[in-house]
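Visitor: FYI, in mature numbering (1 follows the signal peptide of the UniProt record, and there is no 0) the residues of the sequence shown are -15 to -1, 1 to 393.
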Amino acid sequence: MKIVVLMLCLHHTAASSSSSSSSSSAQECPSTQSLLNLLRQVEKMLVVHEASYQQGLRSLRMKISALHNRTGASCSKLEPPPHGRRLGRVFGVGHEVHFLCRPGFELIGSRTRVCLDSQRWSGQQPICRRFNSTGNFLASFSPAPSSSPSPSSPTPSWSSSPTSLSPPSSVRQSHCTHFLGSTRCTCDVGFTISGRDNNICTDIDECLLFPLGRLCVHRCVNTPGSFHCLCPAGYDLSGEGRGCTDVDECEKQLHDCAAEEMCVNTFGGFRCVRVECPRMINATYIKTSPMRCERNPCMLGDKACTQAPNSISFHFLSAVSNMSTPRVLFRVSAARVLGDTLRFGLAGGRGHFSVQRSGRQTGALLLVAPIEGPATLEAEVEMSELERHNLLGRYLTKVTLFVSPYGF
Ligand SMILES: [Ca+2]
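In structure tokens form, the structure reads like this:
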């Protein structure tokens, strides 16, 4: 009853601080000093309750433990593996023990073992195997690490301070503080509290926790206490180490294209392309620029020659996999118009592409279906010039599209 009155008065005190009006019931409340004294009494009462509760809990745990011991419900004592440590000294049913390896060794087997109701330990007895500095691990388990270190792999000394040689462990001891009979345990960043007595910190696997794309655009690698992202070859890490940006091998002179070839940068790589003028029976072509061939003049009255394309241009484009569509890839424009009609059409590459007129003198090549890479697609856009339905000239544009294996 006293506490209810106290709560009401506290409420009134809070309300009256924001409002000038005071009610009669607020008048019956004790002064602020009396209120403070009352609160201190309640605090003392709660502290006593808390201590009593903690004592009860400790007593209960001891009774359970004693009961387990009396019934003999415990597992056999587990020894730490050679070159390793064991965390946990209680082998009763339901208890956990954890294993760590010393720096320079990796743990193979169960990191945590639980004493089951059947009085058997879960998992397998772990071993500590020497960490290979080249990063190549033996494919099979070995029964015990070799006792004599090979001269090529020096044995790091067992010390409590971590060395750059030793990989950080994914299980650590928690930091616990004891205060007024209660224990509070915390872990380093990237670790979560675990173990029966909250005495162990286990690494959080961020890569498992978040779907791919949330943390890393390509590959996520979990590390003790953290994670990092990896990109495929041909990309640099970007966006705070989570994204992948293509390396422009052509601009950075990282390509190995021959002198007569042209380097085309693609997402995740590059291509060496060679532009050669087509050989036709009716017409001959000459290269007028690295990417363009023009028809040699035709003999007077040679209709087959005059119907062959006047020029052929080559273009190389790069795209990522599964690009959203429809999308304009390329525009073809007539520099000058001699006839009365200009027509645009798709001469090759049907299915993925389409050609649309996008202006009086311009046609656009569109990608109409998403393409899953890696792929190389070709399209041909033909522009015809007519005068009173008579063909004045044909101009061909060959477009090659290199699609990367990834969506970036
Ligand atoms: Ca590239």
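No residue lacks a Cβ here, since even glycine has one placed at the ideal position from N, Cα and C.
Can you give, in chain order, each stretch of the beta strand (DSSP E) that sits fully within the segment 298 to 337 and has at least 3 residues?
Guide: For the segment 298 to 337, whole beta strand (DSSP E) runs of length 3 or above, ordered along the chain, are 312 to 318 and 326 to 333.
Visitor: How many whole angstroms separate the CB atoms of Gly330 and Leu377, which I take to be in contact at a CB cut-off of 8 Å?
Guide: Not a contact, Cβ separation roughly 16 Å.
Visitor: What number of angstroms, rounded off, separates the C-alpha of Ser309 from the C-alpha of Arg335?
Guide: Going from the Cα of Ser309 to the Cα of Arg335 covers about 18 Å.
Visitor: Can you tell me where the beta strand (DSSP E) with Thr251 in it begins and where it stops?
Guide: First-last of the beta strand (DSSP E) with Thr251: Met247 to Thr251.
Visitor: Distance check for Tyr220 and Glu81, CA to CA, integer angstroms please.
Guide: Cα to Cα, Glu81 sits roughly 44 Å from Tyr220.
Visitor: Nearest by alpha-carbon distance to Asp188: which of Ser343, Arg169, Val249 and Gly210 is it?
Guide: It is Gly210 whose Cα lies nearest to the Cα of Asp188.
Visitor: In the segment 180 to 260, which residue ranges form an unbroken alpha helix (DSSP H) of at least 4 residues, counting only runs that do not cross its ends?
Guide: Listed in chain order, the complete alpha helix (DSSP H) runs (minimum 4 residues) inside the segment 180 to 260 are 191 to 194.
Visitor: Can you find a heavy atom of ligand 1 that lies under 7 Å from the Cβ of Phe387?
Guide: Checking every heavy atom of ligand 1 against the Cβ of Phe387, none is found closer than 7 Å.
Visitor: Among Ile266, Val384, Arg342 and Ser343, which has the Cα closest to the Cα of Leu362?
Guide: If we check each option's Cα against that of Leu362, Val384 comes out closest.
Visitor: Using beta-carbon positions only, say whether Asn169 and Thr162 come within less than 8 Å of one another.
Guide: The sequence shown places Arg at residue 169, rather than the Asn named in the question. Taking 8 Å as the Cβ cut-off, Arg169 and Thr162 qualify as a contacting pair.
Visitor: Just verifying my parser: in three-state terms, what is the DSSP assignment at Gln40?
Guide: Three-state DSSP puts Gln40 in a helix.
Visitor: Please report how far the alpha carbon of Arg312 lies from the alpha carbon of Met284, in whole angstroms.
Guide: Rounded to the nearest angstrom, the two C-alpha atoms are 42 Å apart.
Visitor: Alpha carbons only, please: which of Val202, Asp190 and Leu197 is nearest the one belonging to Thr208?
Guide: For the residues Val202, Asp190 and Leu197, the minimum Cα distance to Thr208 belongs to Asp190.
Visitor: To test your reading of the DSSP string, which unbroken beta strand (DSSP E) runs of 3 or more residues are found completely within the segment 60 to 119?
Guide: The segment 60 to 119 contains these whole beta strand (DSSP E) runs: 69 to 72, 81 to 86, 90 to 93, 97 to 99 and 112 to 115.
Visitor: Rounded C-beta distance between Cys235 and Cys248? I'm assuming under 8 Å.
Guide: Going by Cβ atoms, the distance from Cys235 to Cys248 rounds to 4 Å, so yes, they are a contact pair.
Visitor: For the putative contact between Cys186 and Ser159, defined by C-beta atoms under 8 Å, what is the C-beta separation to the nearest angstrom?
Guide: Confirmed, Cβ separation roughly 5 Å.
Visitor: When we look at the beta-carbon of Leu381 and count the other beta-carbons within 10 Å, is it buried (16 or more) or exposed?
Guide: By the neighbour-count rule (16 or more Cβ atoms within 10 Å), Leu381 is buried.
Visitor: Looking only at its chain, what residues have a beta carbon closer than 8 Å to the beta carbon of Ala354, apart from the 5 residues adjacent to it on each side?
Guide: For Ala354, where only same-chain residues beyond five positions count, the Cβ hits under 8 Å are Thr310, Gly336 and His337.
Visitor: Quick check on this structure: which residue in Asn184, Val32, Phe195 and Gln341 has the alpha carbon closest to the alpha carbon of Arg157?
Guide: That would be Asn184, whose Cα lies nearest to the Cα of Arg157.
Visitor: By the DSSP assignment, the beta strand (DSSP E) with Ala289 in it spans what residues?
Guide: Here Ala289 belongs to no beta strand (DSSP E); instead the alpha helix (DSSP H) covers Lys288 to Gln292.
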